[in-house]
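Under numbering that gives the first Met the number 0, the letters of the sequence shown match residues 0 to 114, in that order.
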Amino acid sequence: MVIIPARAGSTRLPLKPLSPLAGRPLIAHVVARALAAGDALRAVYVATDSADVAAAAAQNQPDSVVIRTILATTLLEQGEMFGAQVEFEAVLQIDPKNAPAWINLASLRGSTGRS
Numbered sequence: 000m001v002i003i004p005a006r007a008g009s010t011r012l013p014l015k016p017l018s019p020l021a022g023r024p025l026i027a028h029v030v031a032r033a034l035a036a037g038d039a040l041r042a043v044y045v046a047t048d049s050a051d052v053a054a055a056a057a058q059n060q061p062d063s064v065v066i067r068t069i070l071a072t073t074l075l076e077q078g079e080m081f082g083a084q085v086e087f088e089a090v091l092q093i094d095p096k097n098a099p100a101w102i103n104l105a106s107l108r109g110s111t112g113r114s
């Protein structure tokens, strides 16, 4: 397992994980390298405080329940209700039995009046 710390609020280089490198965000390269390690790393997680960083990380792992959940939770914490709902729905497309996604989605739909 690998955990990639990717803070957007760095004081020395703000938004460093989103800095472009060869046409892609830096975080996308780091995630791709970790995934290329194959079986040596059974799981790759990105620890971030930014929905933009989580979205960039998700580009390499569109079917990762963990990455999509991190993105949804980060969006929720930032008050981006619609984006969070879309991501929780994406989690449920991948894993229909994901109880936390169902609970968060029900809570979101209840608070926004959407069904």
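Beta carbons: idealized from backbone N, C-alpha and C, even for Gly.
Here the structure is a predicted model, which is why all the values come from computation and not from measurement.
Next item on the list: Would you identify the three-state DSSP class for Arg6, choosing helix, strand or coil?
Entry: Within the sequence shown, the letter at position 7 stands for residue 6. Coil.
Next item on the list: Taking 8 Å as the cut-off, decide whether the C-beta atoms of Ala54 and Val45 are in contact.
Entry: For the purposes of this step, residue 54 is identified with residue 55 of the sequence shown, where counting begins at 1. For the purposes of this step, residue 45 is identified with residue 46 of the sequence shown, where counting begins at 1. Not closer than 8 Å, so no.
Margin query: Taking 8 Å as the threshold (C-beta atoms), are Ala89 and Arg67 in contact?
Written below: Within the sequence shown, numbered from 1, the residue matching residue 67 stands at position 68. Within the sequence shown, numbered from 1, the residue matching residue 89 stands at position 90. Yes, these two residues count as a Cβ contact at 8 Å.
Notebook entry, point to check: What residues are listed by DSSP as bridge partners for Arg32?
Noted result: Position 33 of the sequence shown, counting from 1, holds the residue named residue 32. For Arg32, which the question treats as bridged, DSSP gives no partner whatsoever.
Notebook entry, point to check: Closest to Val65 by CA distance: which of Ser110, Leu20, Leu91 is it?
Noted result: Sequence index remark: in the sequence shown, residue 65 carries index 66 (1-based). Residue Leu91 is the option with its Cα nearest to Val65.
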